[in-house]
Amino acid sequence: MQQKQQGITLISMIFILGMIAFFTLIVLKVSPIYMNHSKVVHALETLKHRTDIEKKSKREVWISLNKQFNMNYVYDVKKKDVKITSRGGYLKVQIVYHVKEPFIGNLSVWVDFDDYIEVGVK
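Under this note's numbering, the first residue of the sequence shown is numbered 2, with each subsequent residue one higher.
So this is what it looks like as structure tokens:
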């Protein structure tokens, strides 16, 4: 009587471990990008809840936002990525930026972000 062999082959085991390593690498490369993005969102929310922020000049708004970025070590957002619209008692701050993180060899992970806040009456 012959017994059937059971279990996975060495090639199957290598393939499974390779897939696990690949997805682990993706998580390790992408998660810091989203953690930094949460700091950007937090800076916008902090700005939104400041009193009389809609009455400040564009320069004052940028200085306040930049201080938040500096305190939280946000380096991905530059001044050219921030659009501030201010009219009377209305303020809109929009941040559109992207992050490119090298992945493997000449492959990279590219992530786009577009966030904004509105304060006051339009």
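All C-beta atoms, glycine included, are put in the ideal place defined by N, C-alpha and C.
- Any heavy atom of the ligand SAH closer than 8 Å to the CB of Thr52? Looking at this structure, you won't find the ligand SAH or any other ligand, since it has none at all.
- Cα-Cα separation between Lys40 and Tyr98, rounded to whole angstroms: 14 Å
- Going along the chain, which residues of its own chain have a beta-carbon closer than 8 Å to the beta-carbon of Ser109, five neighbours each way excluded? Lys101, Glu102, Pro103
- Buried or exposed: where does Ala22 fall if 16 or more other Cβ atoms within 10 Å of its Cβ makes it buried? exposed
- Query: Lys79: which of Lys68, Gly89, Arg88, Ser87 sits nearest, CA to CA?
  - Reply: Lys68
- Task: Quick one: give me the first and last residue of the beta strand (DSSP E) that Ile54 is part of.
- Result: Element bounds for Ile54: n/a, residue is neither H nor E.
- Message: Between the alpha carbons of Leu18 and Asp53, how many angstroms are there, rounded?
- Response: 55 Å
- Taking all protein chains shown into account, decide if Val122 is buried (16 or more other Cβ within 10 angstroms of its Cβ) or exposed. exposed
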